[in-house]
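Quick notes on the structure that follows.
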Amino acid sequence: MENSETLNILSEKFPSDYGVGHQPWHQKYLNDSKVIKWFAQNTLYSHPKLIPLPLGVVPPKGNVHSTLYDLARNVTPYYNKTQLLYLNFSPNTNKDRIKTLEYFEKTFGNNTLVKISQQRTSWKEYLENIKKSQFVLSPPGNGIDCIRTWEAIIFGSIPIVKESFLQPLYDKLPVMVVKNWSEVTEESLKRFQQENLNINNFSKDGLPWRPSIWLRYWIKEIVGTKLNYIKNYC
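Pasting the structure below:
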């Protein structure tokens, strides 16, 4: 078979809120023998050829990249973080977020180790709060993935997300996955730490291992998929 007859699909160059897998033509492409793999954000379907990609981090408009890089170069070791949990999200992005916020205000409102912010803050202040938090709540936004998840991981914190088709993304990352937000309590957070975080899970900088947040990891995955196909089938 000629290599030109096969496809390795990367469906987004930029972060997208639109999921892959819910349209009939999506599944038609996935079942086409000419498609090797489809790498996409916000995957809504489970298929051996469909590989979820991280949404990644998109700074606000303006010259703020230096803020991200400066803060990321001085990340606080995980067990030196002083806040147990941080919440800061707009309840208007997703209809479920209002009930989510109500639950966490009721459950953690009087907990001095938890910061719940409903006020707009500067991006730098927001990142500083993530930086000093052990856990960061990351409910779905416009899509099932959320930039907040990846901001938390970059800064060595553990995002808390809802169960979804993105699970393959989380298998090699420090992410707490729950079916319902009611599973999140102070006791469950500490239990997660005890069961999932040990010396073998940390880098020399005191941060949880995060192999698949780097661009080089995904370049290797995508190129490797193509080369492996050529080696075995062409």
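4 is the number of the first residue of the sequence shown in the working numbering; add one for each residue after it. Even for Gly, the Cβ is constructed at its ideal location relative to N, Cα and C.
Could you tell me the distance, in whole angstroms, from the CA atom of residue i to the CA atom of residue j?
| i | j | result |
| --- | --- | --- |
| Glu189 | Leu104 | 16 Å |
| Val164 | Tyr232 | 34 Å |
| Pro80 | Leu172 | 23 Å |
| Thr152 | Trp221 | 17 Å |
| Ile39 | Gln137 | 38 Å |
| Thr96 | Cys149 | 11 Å |
| Lys234 | Gln26 | 32 Å |
| Pro238 | Gln122 | This structure leaves residue 238 out entirely; the chain is present only between 4 and 237. |
| Ser206 | Lys31 | 42 Å |
| Pro177 | Ile156 | 7 Å |
| Arg194 | Val60 | 29 Å |
| Trp41 | Met179 | 26 Å |
| Ser160 | Val139 | 7 Å |
| Lys37 | Thr124 | 48 Å |
| Leu218 | Glu224 | 10 Å |
| Lys229 | Arg213 | 24 Å |
Is it true that the CB of residue j sits closer than 8 Å to the CB of residue i?
| i | j | result |
| --- | --- | --- |
| Phe111 | Pro142 | no |
| Lys135 | Gln196 | no |
| Gly88 | Leu210 | Checking the sequence, you will find Leu at residue 88 rather than Gly. Cβ atoms of Leu88 and Leu210: not closer than 8 Å. |
| Ser185 | Tyr82 | no |
| Glu108 | Ile119 | yes |
| Asp174 | Val78 | no |
Can you tell me which residues form a DSSP beta bridge with residue i?
| i | result |
| --- | --- |
| Phe158 | DSSP lists no partner for Phe158. |
| Ala75 | In DSSP, Ala75 forms no bridge with anything. |
Please return the same chain residues whose Cβ sits closer than 7 Å to the Cβ of residue i, not counting the five positions on each side in sequence.
| i | result |
| --- | --- |
| Ser167 | Ile147 |
| Thr46 | Gly22, Val23, Gly24, Leu53, Pro55, Phe168 and Leu169 |
| Pro57 | Trp153, Leu172 and Ile216 |
| Asn6 | The pLDDT assigned to Asn6 is 42, lower than 50, so where the model puts this residue is not dependable; a value taken from the coordinates is nonetheless given after this. Counting only Cβ-Cβ distances below 7 Å, and skipping sequence neighbours, we find Ile233 and Cys237. |
Enumerate in chain order the residues of its own chain whose CB-to-CB distance from residue i is below 8 Å, with the five nearest sequence positions on each side excluded.
| i | result |
| --- | --- |
| Lys182 | Lys165 and Glu166 |
| Asp99 | Pro142 and Pro143 |
| Gly227 | none |
Output needed for residue i: all residues of its chain with C-beta closer than 6 Å, excluding positions within five of it in sequence on either side, in chain order.
| i | result |
| --- | --- |
| Gly29 | As written in the sequence, residue 29 is His, which differs from the Gly given in the question. So the qualifying residues of the chain are Val23. |
| His50 | Leu33 |
Quick check: the stretch 123-132 against the stretch 70-77, are at least 3 beta-carbon pairs closer than 8 Å? yes
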